[in-house]
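J.: What follows is a single structure, and I will ask about it in a moment.
There are 2 protein chains.
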Amino acid sequence: MGRSTQSKLSSKKPRQVRDAEATKKQILDAAEAEFARYGLSGARTEAIAKGAGVTTAMIYYYFESKEGLYQAVLQRPAVEMHEGFEQLNLDQFPPEEALKILVKEAIAYEAAHPYRGMLWFQEANQNQGKYFKLGNWQENFAYLIKILERGMAEGCFRPIDPFLTTLHIIGICNLYFNAYENIKHTRPDLQLLSPEMIEQHTQAAINLILAGVRL
Amino acid sequence: MGRSTQSKLSSKKPRQVRDAEATKKQILDAAEAEFARYGLSGARTEAIAKGAGVTTAMIYYYFESKEGLYQAVLQRPAVEMHEGFEQLNLDQFPPEEALKILVKEAIAYEAAHPYRGMLWFQEANQNQGKYFKLGNWQENFAYLIKILERGMAEGCFRPIDPFLTTLHIIGICNLYFNAYENIKHTRPDLQLLSPEMIEQHTQAAINLILAGVRL
DNA sequence: GTCTATAATACGATAGAC
DNA sequence: GTCTATCGTATTATAGAC
Numbered sequence: 001m002g003r004s005t006q007s008k009l010s011s012k013k014p015r016q017v018r019d020a021e022a023t024k025k026q027i028l029d030a031a032e033a034e035f036a037r038y039g040l041s042g043a044r045t046e047a048i049a050k051g052a053g054v055t056t057a058m059i060y061y062y063f064e065s066k067e068g069l070y071q072a073v074l075q076r077p078a079v080e081m082h083e084g085f086e087q088l089n090l091d092q093f094p095p096e097e098a099l100k101i102l103v104k105e106a107i108a109y110e111a112a113h114p115y116r117g118m119l120w121f122q123e124a125n126q127n128q129g130k131y132f133k134l135g136n137w138q139e140n141f142a143y144l145i146k147i148l149e150r151g152m153a154e155g156c157f158r159p160i161d162p163f164l165t166t167l168h169i170i171g172i173c174n175l176y177f178n179a180y181e182n183i184k185h186t187r188p189d190l191q192l193l194s195p196e197m198i199e200q201h202t203q204a205a206i207n208l209i210l211a212g213v214r215l
Numbered sequence: 001m002g003r004s005t006q007s008k009l010s011s012k013k014p015r016q017v018r019d020a021e022a023t024k025k026q027i028l029d030a031a032e033a034e035f036a037r038y039g040l041s042g043a044r045t046e047a048i049a050k051g052a053g054v055t056t057a058m059i060y061y062y063f064e065s066k067e068g069l070y071q072a073v074l075q076r077p078a079v080e081m082h083e084g085f086e087q088l089n090l091d092q093f094p095p096e097e098a099l100k101i102l103v104k105e106a107i108a109y110e111a112a113h114p115y116r117g118m119l120w121f122q123e124a125n126q127n128q129g130k131y132f133k134l135g136n137w138q139e140n141f142a143y144l145i146k147i148l149e150r151g152m153a154e155g156c157f158r159p160i161d162p163f164l165t166t167l168h169i170i171g172i173c174n175l176y177f178n179a180y181e182n183i184k185h186t187r188p189d190l191q192l193l194s195p196e197m198i199e200q201h202t203q204a205a206i207n208l209i210l211a212g213v214r215l
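Here it is, written out as C-alpha cells:
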C-alpha cells in the first residue's frame, strides 16, 4: 500500500550533464511537486531525484539535506510573488481596480504553479509554519491588506476587517486549485483546468469579492 | 530530520481495557489527526497507535490495513456533515437566512474539527480524490448549491455560477483553519483560535458572502 | 559534477502468547 | 481484545569511484 505511482507532471527534458545551475533547478522543481504533495517528512528523496533525473546523492551535494532542500523550495515562491506584485504598481490604481488586478494576477499565478498552494498548507500543518516563518511571506499579505485599507479610507469599500478579508480572498482564490483533484469528481462534465474554466473562476471570484467589499 | 515531535492534541484519556467500540473510536480519532497532517502514505501507524494509546497490532485487528483505516477516517466527516446539514432544515428559511445559517454552521464545524479540512486536501493531492470519490461528499456540496439556486430563482441573489460560488464560499470558511499554523506567525498579537476571534471570522465571512451574492 | 554501493535506521504488517 | 517480538522492505544519508 505504498504511494500512488501516477505520472509526475515534471517536464523530464533530457538533462544537460555537468550543468550545476540546470541540475539545481531541476531538483528544485521536482522537490516542489513532491513536497507539495507529501510535505517535508512525507516526501521521498528518491522520488525527487527521479523526478529531476538525477540520483539522491545530488540532492545532498547541492542542498546538504532534505531539510535544506525544503527551505530552498519554500523560499522561491515567496520571492517570486513579491517581485510579481511589486511590478503591478498597485498604488497607481484606484482600490477597486487594484483589487481586481491583484486577484486576477494571483489566480493566474496559481494556475501556472498549481502545487504551490499546497506547499503552504503542508508547511502549516506538518511543521506549524516553522519554515514559513523564515520566509518573507508577510510582505505578500501586505499588498492585499493595503488595498483594502486604502479602499476604506477613500470611501469606496465598506467597513471591513482588512486582515480577515485578506484571508477570505486568498481562500476564494486558493481552494479551486488545492482541492482540484477532489472537485473534479463532483463535476466530471467540466474541464476545470482548461483556460476557459479558469477564466470563469477568475471572473466569478472577482465579482464576488468586489461585490462583497464595495460600499 | 525526522518529523516534528510536538505534542499531539489528542485527548489521551486513560483507555478502557477490552472495550471494542471505545478502542475503535480512539484509533479513528488519532488516525484522523495523523492522516490530516501527513496524508495516507505519510501517516505513521506507530504514531496513530501511540495517539490512541494502543499498539499498532490493534489497527490491523480493527481495520485490516492502513488503507482500511484511512477509508474509515474519510467516511466519518462525510456522514456527520450530511446529518448536521439535514437537521438545519435549510429549505424552511429564505435564501439569505439559509446561507447565513449554513456558513455559521460550517465554520463552527471546522472550529470543532480543525483537522478535517486538511484531510480533504491531503486526499486530493496525494490520492487524486480516489478515496474521496467513494464517500458521499457530493451531497454536502448540494446543500449550498441549492440555496444559491433558490436565491437566484427568488430574485434575492444576483446571477452567479452556483458551483463556482460554492467553491468560493468553502474557500472563505476553510483557509482560516487550514493555514492557521502559518497565519498565526503573521499576527502574533491575535489569538486566532479563541472563540471571540472565530466569531469575528464568522461574521466577516457572512458579511462578505451575503454582500457578494445579494442583488 | 555525477554515479554506485552500502550503512543505519524506520516502517508496515503478521504470528503467536496471554 | 490486546500485547510482544519479529520479518522483510523502504528510506535517508554518506563514502568513494569516475
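For the record, the sequence lines run as chains R and C.
Terminal number for the first sequence in the UniProt record's numbering: 215, no gaps in between.
Terminal number for the second sequence in the UniProt record's numbering: 215, no gaps in between.
Each residue gets a CB set at the ideal place from its N, CA and C atoms; glycine is no exception.
Report the neighbours of ALA52(C) on chain R: residues whose CB is nearer than 7 Å to its CB, in chain order.
T.: Within the second sequence, numbered from 1, the residue matching residue 52(C) stands at position 52. Under the 7 Å cutoff, chain R gives no residues; its nearest Cβ is about 20 Å from ALA52(C).
J.: Report the CB separation of residue 226(C) from TYR62(C) in whole angstroms; it is logged as a contact under 8 Å.
T.: Since the first residue of chain C shown is 1 and the last is 215, residue 226(C) is not available in this structure.
J.: Could you give the first and the last residue of the continuous alpha helix (DSSP H) run that contains PHE163(R)?
T.: Walking along the first sequence from the start, residue 163(R) turns up at place 163. It spans 162-178 - the alpha helix (DSSP H) in which PHE163(R) sits, taken as one unbroken run.
J.: Please state whether DSSP places ARG3(C) in a helix, a strand or coil.
T.: By one-based count along the second sequence, residue 3(C) stands at place 3. Here ARG3(C) sits in coil by DSSP.
J.: In whole angstroms, what is the alpha-carbon distance linking VAL213(C) and SER194(C)?
T.: Working through the second sequence from its first residue, we reach residue 213(C) at position 213. Working through the second sequence from its first residue, we reach residue 194(C) at position 194. Approximately 29 Å, taken between the alpha carbons.
J.: Report the residues of the region 122-138 of chain C with a CB closer than 8 Å to any CB of chain R, ordered along the chain.
T.: So the list reads GLU123, ALA124, ASN125, GLN126, ASN127, GLN128, GLY129, LYS130, PHE132, LYS133, TRP137 and GLN138, given in the order they occur along the chain.
J.: Note down, in chain order, each residue of its chain lying with its Cβ closer than 8 Å to the Cβ of GLN126(C), except the 5 sequence neighbours on either side.
T.: Walking along the second sequence from the start, residue 126(C) turns up at place 126. Result list for GLN126(C): GLY39, LEU40, SER41 and GLY42, in chain order.
J.: With a threshold of 7 Å between beta-carbons, can GLU199(R) be considered close to chain C, or not?
T.: Looking up residue 199(R) in the first sequence gives position 199. No, no contact with chain C.
J.: Rounded to whole angstroms, what's the CA-CA distance from GLN75(R) to PRO188(C)? Just pull it up for me.
T.: Counted from its first residue, the first sequence places residue 75(R) at position 75. Counted from its first residue, the second sequence places residue 188(C) at position 188. Straight-line Cα distance between these residues: approximately 21 Å.
J.: Is the region 111-129 of chain R touching the region 174-184 of chain C in the sense that three or more CB pairs, one from each, lie closer than 8 Å?
T.: Touching, yes.
J.: Compute the Euclidean distance between the alpha carbons of ASN136(R) and THR45(R), then round it to the nearest angstrom.
T.: Here residue 136(R) refers to the residue found at position 136 of the first sequence. Here residue 45(R) refers to the residue found at position 45 of the first sequence. Rounded to the nearest angstrom, the two C-alpha atoms are 26 Å apart.
J.: Figure out for me which residue from ALA153(R), GLN71(R), LYS146(R) and ALA57(R) has the closest Cα to the Cα of LYS133(R).
T.: Translated into the one-based positions of the first sequence, residue 133(R) becomes position 133. Per the Cα distances, GLN71(R).
J.: Would DSSP call ARG150(C) helix, strand or coil?
T.: For the purposes of this step, residue 150(C) is taken as the residue at position 150 of the second sequence. The answer is helix: DSSP assigns ARG150(C) an H, G or I state.
J.: I'd like the list of long-range same chain contacts for GLN6(R), defined as Cβ closer than 8 Å, with 5 residues on each side in sequence excluded.
T.: Walking along the first sequence from the start, residue 6(R) turns up at place 6. Bear in mind that a pLDDT of 48 at GLN6(R), under 50, signals an unreliable position, so the number given afterwards is only what the model happens to contain. Correct list: empty, nothing qualifies.
J.: Less than 6 Å between C-beta atoms, sequence neighbours within five positions excluded: which residues of the same chain meet that for GLY151(R)?
T.: Numbered from its first residue, the first sequence carries residue 151(R) at position 151. Within the same chain, and ignoring the five residues on either side of GLY151(R) in sequence, the residues whose Cβ sits closer than 6 Å to its Cβ are PRO95 and PHE157.
J.: Below 8 Å, how does it come out for the region 49-58 of chain C and the region 112-120 of chain C: are there three or more Cβ pairs, yes or no?
T.: As far as the Cβ criterion goes, the region 49-58 of chain C does not touch the region 112-120 of chain C, which means the pair count is below three.
J.: Quick check: the Cα distance between GLN191(R) and GLU139(R), rounded to an integer number of angstroms?
T.: Here residue 191(R) refers to the residue found at position 191 when the first sequence is read from its first residue. Here residue 139(R) refers to the residue found at position 139 when the first sequence is read from its first residue. Distance between the alpha carbons of GLN191(R) and GLU139(R): 34 Å.
J.: Is the distance from the Cβ of VAL79(C) to the Cβ of GLU32(C) below 7 Å?
T.: For the purposes of this step, residue 79(C) is identified with residue 79 of the second sequence, where counting begins at 1. For the purposes of this step, residue 32(C) is identified with residue 32 of the second sequence, where counting begins at 1. No. Outside cutoff.
J.: Keeping to the same chain, check which residues put their C-beta closer than 7 Å to that of ILE101(R); ignore five residues upstream and five downstream.
T.: As a first step, residue 101(R) must be located in the first sequence, where it is residue number 101. Answer for ILE101(R): LEU88, LEU90 and PHE93, listed in chain order.
J.: What's the C-alpha gap between GLY51(C) and GLU149(R)?
T.: If you number the second sequence from 1, residue 51(C) lands on position 51. If you number the first sequence from 1, residue 149(R) lands on position 149. Inter-residue distance for GLY51(C) and GLU149(R) is about 44 Å (C-alpha atoms, whole angstroms).
J.: Got a sec? Which residues, its chain only, sit under 6 Å from LYS8(C) by beta carbon, not counting five neighbours each side?
T.: Residue mapping note: residue 8(C) aligns to position 8 of the second sequence, counting from 1. Because the pLDDT at LYS8(C) is just 41, under 50, the model does not fix this residue reliably, and the value given afterwards should be weighed accordingly. Correct list, in chain order: GLY51.
J.: Along the chain, where does the alpha helix (DSSP H) that runs through residue 239(C) open and close?
T.: Since the first residue shown for chain C is 1 and the last is 215, residue 239(C) is missing from the structure and cannot be characterised.
J.: Is there a Cβ of chain C sitting closer than 7 Å to that of HIS113(R), yes or no?
T.: Position 113 of the first sequence, counted from the start, is the residue given in the question as residue 113(R). Chain C, which has no Cβ nearer than 7 Å to the Cβ of HIS113(R), makes this no.
J.: Just the Cα atoms here: how many angstroms apart are ALA205(C) and LEU167(C)?
T.: Along the second sequence, read from residue 1 onward, the residue named residue 205(C) stands at position 205. Along the second sequence, read from residue 1 onward, the residue named residue 167(C) stands at position 167. When rounded, the distance between both Cα atoms is 14 Å.
J.: Quick check: the Cα distance between ALA49(C) and ALA142(R), rounded to an integer number of angstroms?
T.: One-based indexing of the second sequence puts residue 49(C) at position 49. One-based indexing of the first sequence puts residue 142(R) at position 142. Cα to Cα, ALA49(C) sits roughly 42 Å from ALA142(R).
J.: Along the alpha helix (DSSP H) that carries LYS66(R), what are the first and last residues, could you check?
T.: Along the first sequence, one-based indexing puts residue 66(R) at 66. Residues 66-87.
J.: Going by CA-CA distance only, name the one from ILE160(C), GLU34(C), LEU208(C) and TYR131(C) that's closest to PRO162(R).
T.: Along the first sequence, one-based indexing puts residue 162(R) at 162. The shortest Cα separation from PRO162(R) among ILE160(C), GLU34(C), LEU208(C) and TYR131(C) belongs to LEU208(C).
J.: Using 7 Å as the threshold, is the C-beta distance between ILE198(C) and ALA106(C) below it?
T.: To locate residue 198(C), count along the second sequence from 1; it is residue 198. To locate residue 106(C), count along the second sequence from 1; it is residue 106. No, they are not a contact pair.
J.: Strictly under 7 Å for the Cβ-Cβ distance: is ARG37(C) near chain R by that measure?
T.: Taking the second sequence and counting its residues from 1, one reaches residue 37(C) at position 37. Cβ-Cβ to chain R under 7 Å: yes for ARG37(C).
J.: For the alpha helix (DSSP H) containing LYS24(C), name the first residue and the last one.
T.: As a first step, residue 24(C) is located in the second sequence; it is residue number 24 there, counting from the start. 20-42 is the span of the alpha helix (DSSP H), which, as asked, contains LYS24(C).
J.: On the DSSP bridge list, what partners appear for PHE157(C)?
T.: The residue given as residue 157(C) occupies position 157 in the second sequence. DSSP output for PHE157(C) lists ARG214(C) as bridge partner(s).
J.: Counting contacts by CB-CB distance shorter than 7 Å, is ARG3(R) in contact with chain C?
T.: The count along the first sequence starts at 1 and reaches residue 3(R) at position 3. Yes, ARG3(R) lies at the interface with chain C (some Cβ there is under 7 Å from its Cβ).
J.: So with Cβ pairs under 7 Å, would you call PHE141(R) a contact of chain C?
T.: Translated into the one-based positions of the first sequence, residue 141(R) becomes position 141. Cβ-Cβ to chain C under 7 Å: yes for PHE141(R).
J.: Where LYS25(R) and ILE59(R) are concerned, what is the direct C-alpha to C-alpha distance, given to the nearest angstrom?
T.: By one-based count along the first sequence, residue 25(R) stands at place 25. By one-based count along the first sequence, residue 59(R) stands at place 59. Approximately 11 Å, taken between the alpha carbons.
J.: Should LYS13(R) go down as buried or exposed, given a rule of 16 or more other Cβ atoms within 10 Å for buried?
T.: Indexing the first sequence from 1 puts residue 13(R) at position 13. Here the model assigns LYS13(R) a pLDDT of 44, short of 50, so the residue's position is not dependable, and the following value carries that caveat. Classification for LYS13(R): exposed.
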